[in-house]
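Here's the structure we're looking at; comments come further down.
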Amino acid sequence: MRRRRPSWLAGVVAAVLLSSWQGFSFLGSMPTGQQAPHKTVRQASVVDSLKNPVKTVSETIDEFYKGYPKPPVLPMYRSFLVDFITQVHLTMVDSRFKYDAVFALGMRHFYTGLMGNYDKLVMSEESEKIWKALTTAMGMKPDQVIADAEAAAKYGSSTSPAEILQHMEGSAKPPDAKIGTAFEQIQSSLYSMSYSVGLFRIMELSGVEVNKANAEEWAKALKIEPTSKVTSDLETYKANQVKLQKAEEMIREIEIREKKKLAEKLEEKAKALAAKAAAKAGGDEESK
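Quick note, the sequence shown lines up with residues 3 to 290 if you use our numbering.
Following this line, the structure appears as structure tokens:
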């Protein structure tokens with residue numbers, strides 16, 4: 003699981019570059035026949051000497067596991083975390099990406115939604131340790147991302163929808179400069195799923211129904227083209243919410259089953275102790 007490489011965005015670029023280098027020599031074409039293996043050795047030596055300044059997905063995942071070596075992440079959460087790390091990593095290595103408070107809110111909101119029941123399952127406060135390892139592996143400061151996310155959440159809960167649209171359109175300035183920057187630079191920077199989730203969370207906090215029509219209105223106010231970038235993310239966001247709800251239901255069912263099993267074991271143990279005590283008492287009576 004840790005070695006899986008997605009095939010889109012930066013993963014696609016890397017695959018294309020590697021496939022282009024295979025069968026190509028900086029020294030020109032070589033005759034066919036026995037000299038072909040020599041070409042492969044020469045080509046490999048040139049490629050191996052090149053340094054890629056962009057960290058790969060697998061390197062980021064490895065850094066995450068080094069930052070959080072134990073206890074092991076629960077198997078049912080592992081794939082979700084790897085997918086999350088992959089998605090954010092591929093966004094951040096894109097040259098068009100610019101970090102902002104809305105992106106931070108989207109990251110944090112998605113993570114807390116995903117890991118909401120984790121500490122209860124492992125009976126230990128591990129989710130924040132995992133968050134720290136995860137964000138650090140991606141080159142971010144964990145506390146700063148949380149602070150920016152909280153600032154964006156505060157803005158959403160304390161600002162009316164009409165004012166938010168004005169701030170998005172640029173006809174008025176939001177009280178927090180971080181939010182203004184997030185709204186302004188999204189027109190020229192990479193639009194990502196995390197930014198979408200941040201927008202949807204601001205919608206929820208401001209009392210706006212998170213639906214397609216409102217998502218399109220906010221996308222137009224931010225001059226995001228095409229608006230389908232936002233609406234397609236909305237479908238994914240809604241689907242993920244359903245999955246999380248089902249996961250929480252499954253977790254509750256597991257908890258109920260485990261508690262029932264524990265109660266049955268305790269009852270059996272109590273009965274066995276009672277039977278043993280009764281047998282001992284009967285033996286004592288006979289010996290008298």
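In this text, a Cβ means the ideal position worked out from N, Cα and C, and glycines have one as well.
Could you have a look at residue i and say whether DSSP puts it in helix, strand or coil?
| i | result |
| --- | --- |
| M109 | helix |
| E251 | helix |
| T88 | helix |
| V75 | coil |
| L192 | coil |
| M170 | helix |
| A274 | helix |
| N213 | coil |
| E127 | coil |
| L224 | coil |
| K57 | coil |
| K100 | coil |
| V244 | helix |
| K1 | Residue 1 lies beyond the stretch modelled for the chain, which goes from 3 to 290, so this question has no answer here. |
| Y120 | helix |
| M368 | Nothing about residue 368 can be read from this structure; the chain reaches only from 3 to 290. |
| V147 | helix |
| T233 | helix |
| Y70 | coil |
| V199 | helix |
For residue i, which residues in the same chain have their Cβ closer than 6 Å to its Cβ, ignoring the five residues on either side in sequence?
| i | result |
| --- | --- |
| A221 | T229 and V232 |
| D50 | Confidence is the limiting factor: at D50 the pLDDT is only 45, short of 50, which leaves the residue's position unreliable, though a coordinate-based value still follows. Excluding sequence neighbours, D50 sits near nothing in its chain. |
| K134 | P144 |
| V56 | V95 |
| P176 | H169 and G182 |
Return the chain-ordered list of same chain residues with a C-beta closer than 8 Å to the C-beta of residue i, the five sequence neighbours on each side being excluded.
| i | result |
| --- | --- |
| E250 | G118 and N119 |
| V104 | A154, I181, A184, F185, I188, Y197, G200, L201 and I204 |
| A174 | E165 and Q168 |
Whole angstroms are fine: how far does the CA of residue j sit from the CA of residue i?
| i | j | result |
| --- | --- | --- |
| Y239 | V199 | 7 Å |
| K214 | L264 | 47 Å |
| E130 | F66 | 13 Å |
| A179 | Q168 | 14 Å |
| A164 | E260 | 49 Å |
| S60 | V84 | 10 Å |
| K248 | A281 | 49 Å |
| R98 | L268 | 59 Å |
| A241 | E270 | 43 Å |
| L275 | K262 | 20 Å |
| T161 | L76 | 39 Å |
| E227 | V244 | 27 Å |
| T2 | M252 | Because the chain is modelled from 3 through 290, residue 2 falls outside the range shown and cannot be assessed. |
| A106 | E255 | 33 Å |
| I258 | I132 | 26 Å |
| K100 | E266 | 55 Å |
| G69 | A272 | 44 Å |
| F112 | A279 | 55 Å |
| G209 | E219 | 15 Å |
| T58 | M142 | 16 Å |
| D121 | A283 | 46 Å |
| D64 | Q146 | 23 Å |
Decide if residue i is buried, meaning its Cβ has at least 16 other Cβ atoms within 10 Å, or exposed.
| i | result |
| --- | --- |
| S81 | exposed |
| L136 | buried |
| M78 | exposed |
| R110 | buried |
| A217 | buried |
| I148 | buried |
| G108 | buried |
| A277 | exposed |
| A151 | buried |
| E211 | exposed |
Who are the Cβ neighbours of residue i in its own chain at under 7 Å, not counting the five residues just before and after it?
| i | result |
| --- | --- |
| W10 | In this prediction, W10 scores a pLDDT of 28, lower than 50, which makes its location untrustworthy; no coordinate-derived value is stated. |
| G115 | L246 |
| L207 | A155, G158 and S159 |
| T62 | I87, H91, A139 and M140 |
| Q89 | M195 |
Among the options, whose alpha-carbon lies nearest the alpha-carbon of residue i?
| i | options | result |
| --- | --- | --- |
| K72 | I256, E127, E211 and S190 | E127 |
| A223 | S191, K68, L92 and I166 | I166 |
| Y193 | D235, V124 and A277 | D235 |
| P74 | E257, V124 and E219 | V124 |
| E171 | A283, K225, S191 and S162 | K225 |
| D102 | A174, I132, S191 and T161 | S191 |
Compute the minimum distance between the beta carbon of residue i and the heavy atoms of the ligand NAP, and state whether it is under 8 Å.
| i | result |
| --- | --- |
| I148 | The ligand NAP is absent from the structure shown, which contains no ligands of any kind. |
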